[in-house]
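**Student:** I'd like to ask you about the structure that follows.
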Ligand code: NAI
Ligand code: MG
């Protein structure tokens, strides 16, 4: 021990220094461990999945989806027009009236179980396609997205014939046709979140995946066909904003379920005002991760890293604001920077990769815009020194210190691997700062004291508060936000409610 101390001490100036610098060594690297693409089949062109069959778009239009990791085209997918939406809603209506709402719940459950099992069987292929189409690391799609999607189908299949226990002493009836519009950050998982509770409660579905990540939803259509779901119960239409708007505005839609930007959420709310359509909106977030001085700091740092950098920060509940108690701020920031240096950014198909590709050029531009706003606002930027691949859309993990609460990087959703750090001294101060946000989707608290956790969770205006962990999901837990993060809950028992009419 003594000799070690001697070794790191500098000699007085003037004499030749023999200081040994114990620097964090980032020079080591892993050998590449890429997942094979050969386990996945992607067609050259996809049509629309309407009434249980693949139909050419009436629009006659197709668009490309690319791999954001290398900008190569993966496939062409149909662009559904208003006329295509009409066809899909008609098919969903007929399936609803003639088949699905009349079917005994335990029969409906069997179909949903079947979908869940086929998703599990095809897990490897689905994970590869998710990573190719969206840019997220294969580790994420393999270990989180796909298994959690299967679990959602299993979970809601279990509820289908038990609705009388979900809503005791109430009668439930389905709403009709649900229009579901999903984003690009969890393409298959969001489809499962939306489709599973709708089917379990007896509704039929018209679902639109995001334009940059349509492929796993189209694979899910193949799975639905294989599961022999009655035609028209689930219809999957690809397209961009105009297709989404046509679904929202269709008079035959009874319920809208949307996940995406707050901006589009507001457009949807305006569009359905004055109609009988019900809606759940899951919008943006600006989650606060709060580290108290008594927290297990290494564990907290790992949680912060996981919360904002893994999955490229493309998570609505990403812990994009870090509030750290002043007494430990220096230490936490140093540990964060060290850990950032060891994060592997690159090929999403490589099993070692921590941070994959940003989903689109447009999203990368947004992230870069916010990084320059942060600098202009006077915050201090630090980014890891890793090399980025020459092609594709990538962003280094980045953090800002000296951030003011009013800075745009502390207030607005960036949806990228960018962390804003603010210090605090007291509980009251951090509650005020954490709640000072237009959003309220999620938060994290890191402390050794159980009483503090309960005190904080009570006072934080966020739909989910994680304690000494972050970004944990389970189909049995409800998820949803306050304020501009939207309304309605998905997951768990609560996730059934938006799809039923209750009567006594
Ligand atoms: P977006 O809200 O435009 O896209 C989400 C979905 O809505 C896509 O399927 C899109 O085609 C559809 N859509 C677009 N315009 C529509 C309209 N007028 N009517 C109906 N559907 C419509 O999100 P975008 O532009 O891809 O991302 C912008 C920002 O939104 C991101 O930077 C991020 O801050 C936030 N976002 C939040 C998500 C979340 O999970 N809460 C997911 C994706 C984006
Ligand atoms: Mg794509």
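Residue numbers (the working numbering): 69 to 572. Backbone N, C-alpha and C define an ideal beta-carbon position, used for all residues, glycine too. Nothing here was measured: the structure is a model prediction, and the numbers come from that model.
Taking 6 Å as the limit between beta carbons, can you name the residues of its chain near residue 90, skipping five residues before and five after?
**Tutor:** Here residue 90 scores only 44 on pLDDT, less than 50, and its place in the model should not be relied on; the value that follows carries that caveat. Nothing listed; no residue qualifies.
**Student:** Within the continuous beta strand (DSSP E) that includes residue 512, where are the two ends?
**Tutor:** From DSSP, the beta strand (DSSP E) with residue 512 extends over 510 to 514.
**Student:** Would you say the beta carbon of residue 198 comes nearer than 7 Å to a heavy atom of ligand 1?
**Tutor:** no
**Student:** If we ignore side chains and look at the alpha-carbon of each, how far apart do residue 203 and residue 475 end up?
**Tutor:** 29 Å
**Student:** What three-state label does DSSP hand residue 250 in the structure shown?
**Tutor:** coil
**Student:** In the DSSP assignment, find the unbroken alpha helix (DSSP H) run with residue 130 in it and report its ends.
**Tutor:** Run containing residue 130: none in the alpha helix (DSSP H); it sits in the beta strand (DSSP E), 130 to 135.
**Student:** With a threshold of 7 Å, establish whether the CB of residue 417 neighbours any heavy atom of ligand 2.
**Tutor:** no
**Student:** DSSP three-state label for residue 473, please.
**Tutor:** It is coil, neither helix nor strand.
**Student:** Can you give me the start and stop residues for the beta strand (DSSP E) that residue 242 sits inside?
**Tutor:** 239 to 242
**Student:** Pick from 408, 516, 553: whose alpha carbon is nearest that of residue 487?
**Tutor:** 408
**Student:** Where does residue 237 land, buried or exposed, given buried means 16+ other C-beta within 10 angstroms?
**Tutor:** exposed
**Student:** Can you tell me whether residue 292 sits near ligand 4, meaning its C-beta is under 7 Å from at least one heavy atom of the ligand?
**Tutor:** With respect to ligand 4, the structure shown offers nothing to examine, as its ligands consist of ligand 1 and ligand 2.
**Student:** Which whole runs of the alpha helix (DSSP H) in the segment 155 to 194 are 4 residues long or more, in chain order?
**Tutor:** 173 to 189
**Student:** In the DSSP assignment, find the unbroken alpha helix (DSSP H) run with residue 423 in it and report its ends.
**Tutor:** That residue, residue 423, is in no alpha helix (DSSP H); it is neither H nor E in DSSP.
**Student:** Measuring only the C-alpha atoms, how far is residue 296 from residue 219?
**Tutor:** 20 Å
**Student:** Once DSSP output is grouped into helix, strand and coil, what is the label at residue 110?
**Tutor:** Looking at residue 110 - three-state DSSP - the assignment turns out to be coil, as it is neither helix nor strand.
**Student:** Whole-angstrom Cβ separation of residue 108 and residue 197, contact assumed at under 8 Å?
**Tutor:** 5 Å
**Student:** In chain order, what residues of the same chain lie with their CB nearer than 8 Å to the CB of residue 125, ignoring the 5 residues before and after it?
**Tutor:** 115, 116, 146, 147, 148, 149, 152
**Student:** For residue 139, which residues from the same chain have a beta carbon less than 7 Å from its beta carbon, with the 5 sequence-adjacent residues on both sides left out?
**Tutor:** 459, 460
**Student:** Note down the Cα distance separating residue 323 from residue 163, rounded to an integer number of angstroms.
**Tutor:** 16 Å
**Student:** When burial is assigned at 16 or more other CB atoms within 10 Å of the CB, is residue 100 buried or exposed?
**Tutor:** Under this definition residue 100 is an exposed residue.
**Student:** Going by DSSP, what residue range makes up the beta strand (DSSP E) through residue 498?
**Tutor:** Note, residue 498: premise wrong, no beta strand (DSSP E); alpha helix (DSSP H) at 495 to 503.
**Student:** In whole angstroms, what separates the C-alpha of residue 385 from that of residue 347?
**Tutor:** 20 Å
**Student:** State yes or no: is the C-beta of residue 426 within less than 8 Å of the C-beta of residue 435?
**Tutor:** yes
**Student:** How is the beta strand (DSSP E) around residue 144 delimited, first residue to last?
**Tutor:** 140 to 146
**Student:** First and last residue of the beta strand (DSSP E) that includes residue 389?
**Tutor:** 389 to 393
**Student:** Rounding to the nearest angstrom, what Cα-Cα distance links residue 131 and residue 311 in this structure?
**Tutor:** If you draw a straight line from the Cα of residue 131 to the Cα of residue 311, it comes to about 13 Å.
**Student:** Considering Cα atoms alone, identify which of 216, 494, 302, 254 is closest to residue 244.
**Tutor:** Answer by Cα proximity: 302.
**Student:** Measure the alpha-carbon distance for residue 240 versus residue 516 and round it to whole angstroms.
**Tutor:** Their Cα atoms are separated by approximately 44 Å.
**Student:** Among the residues of its own chain, which have a CB less than 6 Å from the CB of residue 490, if the five just before and after it don't count?
**Tutor:** 391, 471
**Student:** Three or more C-beta pairs under 8 Å: does that hold for the segment 363 to 382 against the segment 332 to 351?
**Tutor:** no
**Student:** If you measure from the beta carbon of residue 160 to each beta carbon in chain D, is any gap under 8 Å?
**Tutor:** Within the model displayed, chain D is absent; a lone protein chain is all it includes.
**Student:** Go ahead and label residue 389 buried or exposed: buried means 16 or more other beta carbons lie within 10 angstroms of its beta carbon, across all protein chains shown.
**Tutor:** buried
**Student:** Flag residue 213 as yes when its Cβ comes closer than 7 Å to any non-hydrogen atom of ligand 2, and as no otherwise.
**Tutor:** no
**Student:** Let's see if you can read the secondary structure: which residues bound the alpha helix (DSSP H) around residue 429?
**Tutor:** 429 to 444
**Student:** Any idea what DSSP makes of residue 226, helix, strand or coil?
**Tutor:** helix
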